[in-house]
Amino acid sequence: MLIMGLEDQYEESLDFLRTVDFTVSKTPSKGFETNIRYLGGLLAANDLEPNPLLVEKAVQLADAALVPLFVETKKGTKVKVPYTNMDLETGEPIPDKEINLAEFGTYTMEFTRLSQVTGDPKYEKLAMDLVRAAIEQPTKIPGLFPNTWSVDPFEPVQSSLINVAGGGDSFYEYLIKNYLLQEKKDESLFETWQDSVESMEEYMLSPTAEDPSIQFVSMISNSSVYYVSQELICFWPGNILLGASQLENHYKKRKYRKFADTFLKSCVETWLKTKTGISPESWRWTPKDKSLETKLNTLFDNTLKSAHPDESQKFKHDSQRPFTIDNAIYDLRPETIESIFYYYRLTGNQYFQDLAWKLYLAIEKYTKTKYGYTAIHNVDEAPSPLENFQESFLFAETLKYLYLIFASEDCISLDEYVFNTEAHPFKLPQPISYQL
Numbered sequence: 311m312l313i314m315g316l317e318d319q320y321e322e323s324l325d326f327l328r329t330v331d332f333t334v335s336k337t338p339s340k341g342f343e344t345n346i347r348y349l350g351g352l353l354a355a356n357d358l359e360p361n362p363l364l365v366e367k368a369v370q371l372a373d374a375a376l377v378p379l380f381v382e383t384k385k386g387t388k389v390k391v392p393y394t395n396m397d398l399e400t401g402e403p404i405p406d407k408e409i410n411l412a413e414f415g416t417y418t419m420e421f422t423r424l425s426q427v428t429g430d431p432k433y434e435k436l437a438m439d440l441v442r443a444a445i446e447q448p449t450k451i452p453g454l455f456p457n458t459w460s461v462d463p464f465e466p467v468q469s470s471l472i473n474v475a476g477g478g479d480s481f482y483e484y485l486i487k488n489y490l491l492q493e494k495k496d497e498s499l500f501e502t503w504q505d506s507v508e509s510m511e512e513y514m515l516s517p518t519a520e521d522p523s524i525q526f527v528s529m530i531s532n533s534s535v536y537y538v539s540q541e542l543i544c545f546w547p548g549n550i551l552l553g554a555s556q557l558e559n560h561y562k563k564r565k566y567r568k569f570a571d572t573f574l575k576s577c578v579e580t581w582l583k584t585k586t587g588i589s590p591e592s593w594r595w596t597p598k599d600k601s602l603e604t605k606l607n608t609l610f611d612n613t614l615k616s617a618h619p620d621e622s623q624k625f626k627h628d629s630q631r632p633f634t635i636d637n638a639i640y641d642l643r644p645e646t647i648e649s650i651f652y653y654y655r656l657t658g659n660q661y662f663q664d665l666a667w668k669l670y671l672a673i674e675k676y677t678k679t680k681y682g683y684t685a686i687h688n689v690d691e692a693p694s695p696l697e698n699f700q701e702s703f704l705f706a707e708t709l710k711y712l713y714l715i716f717a718s719e720d721c722i723s724l725d726e727y728v729f730n731t732e733a734h735p736f737k738l739p740q741p742i743s744y745q746l
């Protein structure tokens, strides 16, 4: 609302916020979503238009629903690890034996910004102690971590999936973004992020058999390579471009840019090659060769096999495209559009505005309803049956990024703001510059 100048509606929202008590909930609150959506939204609104009410509510929310999730381990590394869900009626977290990488690794930006705004370092310390403990864990592939971790002791489950999309995505996303938010003071974040990008390209990127110029990022474990990917992964090209702009080594900068370009081209392909012009939730492909298995066999000292999470696919291969639809739903997701936003803002190339407009028209045509927008059941059926469900991230992310692609470049300038994973803009303590 603030970004679009909807001041009257924003004032109504503030009136409602005054009535909200974040210490009360009849159902468990999930820490991950509460953090990125509610806390992130409060902090970003305060950064756009400072208001003591927003800071007061942010502190109330964090202290009641988020900080108590963190419980000190008794075995191994001594660190406080967050459980997934908070029972606000008892004031106690609901115990877990395991937690995923994205869930525990996506507190750093919000807690860092909360500490910067309040002057209380406890939030940033809580989140950063945990992430530092995670990146110090030994891993077979530099910068890539299993998605599943045990809570106590705090360590990765080595047999679990390595996936830089769902379950892992925002852990990696926040490495580079929190590095910027902390004024580039913690080089370990930037170094780990670089390891992640380089290992992803080396050990997970797979050219397709039908068109080797289209290359998707696979999922791996210590026993299998899964040639399956998701729209969720398509934030990466923009994230890589953002990080590449901070590299001083020109060779690495060019290498990262080339990887990001290939990545984005391949994500866009999943939009343009369906009947609606919209990307499916997930897809699979036939690899050009078995080079990934060869590399990983040596690394893991094991014989890896190709696999799919679900071998019984109802969507048959289409020779007109280099992928096969795995899950045909479109859930109003923003990730490819998010990357296009970064590409436009960092390059100034109008091509990316034109591309964004094409994707917007498809969304408008096939998901718009009388009273809003809805997820659709099958992107390869035009028109598609409707799911009759609208995610809040449609407004927080998908439509916001589309709006910003066509707004003035000084509207939420990347020189002055960094976005959390829900597209809430946090004010940088000091402006930064970008060079590609």
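Residue 311 is where the sequence shown starts when you use our numbering, and the numbers rise one by one after that. Ideal placement from N, C-alpha and C gives every residue a C-beta, glycine not left out. A quick note: this is a predicted structure, and the numbers were derived from the prediction, not measured.
Check each candidate in the options and name the one with the smallest Cα separation from residue i.
i	options	result
residue 474	506, 466, 491, 643	506
residue 515	402, 639, 577	577
residue 640	604, 692, 651	692
residue 470	498, 529, 429, 508	529
residue 734	723, 744, 591	723
residue 702	743, 651, 643, 659	643
residue 396	497, 336, 448, 389	336
residue 748	730, 361, 393	Outside the displayed range of the chain (311 to 746) lies residue 748, so it cannot be described from this structure.
residue 466	386, 736, 611, 357	386
residue 744	658, 312, 584	658
residue 717	729, 613, 654	654
residue 457	312, 405, 531, 501	531
residue 513	548, 379, 455	455
residue 340	453, 636, 710, 403	403
residue 561	675, 746, 389, 631	746
residue 333	522, 500, 399	399
residue 439	383, 493, 468, 359	383
residue 405	356, 349, 447, 338	338
Identify the continuous alpha helix (DSSP H) that holds residue i and give its terminal residues.
i	result
residue 602	601–610
residue 370	362–371
residue 439	432–445
residue 568	560–582
residue 512	497–513
residue 425	418–428
residue 491	479–491
residue 348	That residue, residue 348, is in no alpha helix (DSSP H); it is neither H nor E in DSSP.
residue 326	317–327
residue 710	709–716
residue 549	546–554
For residue i versus residue j, is the C-beta distance shorter than 7 Å?
i	j	result
residue 415	residue 381	no
residue 765	residue 686	For residue 765 there is no data in the structure shown, the boundaries of the chain being 311 and 746.
residue 569	residue 511	yes
residue 377	residue 427	no
residue 741	residue 725	yes
residue 715	residue 663	yes
residue 354	residue 424	no
residue 433	residue 345	no
residue 445	residue 509	no
residue 412	residue 479	yes
residue 391	residue 464	yes
residue 689	residue 596	no
residue 460	residue 497	no
residue 700	residue 683	yes
residue 517	residue 504	no
residue 616	residue 535	yes
residue 646	residue 594	no
residue 732	residue 476	no
residue 422	residue 491	yes
Based on the DSSP secondary-structure assignment, which residues constitute the bridge partners of residue i?
i	result
residue 647	Looking at the DSSP assignment, residue 647 forms no beta bridge with any residue, so it has no partner.
residue 529	536
residue 382	390
residue 402	397
residue 615	534
residue 516	526
residue 736	728
residue 458	410
residue 668	DSSP lists no partner for residue 668.
residue 678	683
residue 465	460
residue 640	686
residue 696	686
residue 339	396
Please confirm if residue i has its CB atom under 7 Å from at least one CB of chain D.
i	result
residue 681	The displayed structure is made up of one protein chain only, and chain D is not part of it.
Between which two residues does the beta strand (DSSP E) carrying residue i extend?
i	result
residue 593	592–594
residue 637	634–637
residue 728	727–729
residue 409	408–410
Segment contact, 8 Å Cβ cut-off, at least three pairs: the region 544–562 with the region 480–491: yes
Touching by the beta-carbon criterion (3+ pairs, under 8 Å), the region 533–552 and the region 586–604: Yes, since at least three Cβ pairs between the region 533–552 and the region 586–604 fall closer than 8 Å, the two stretches touch.
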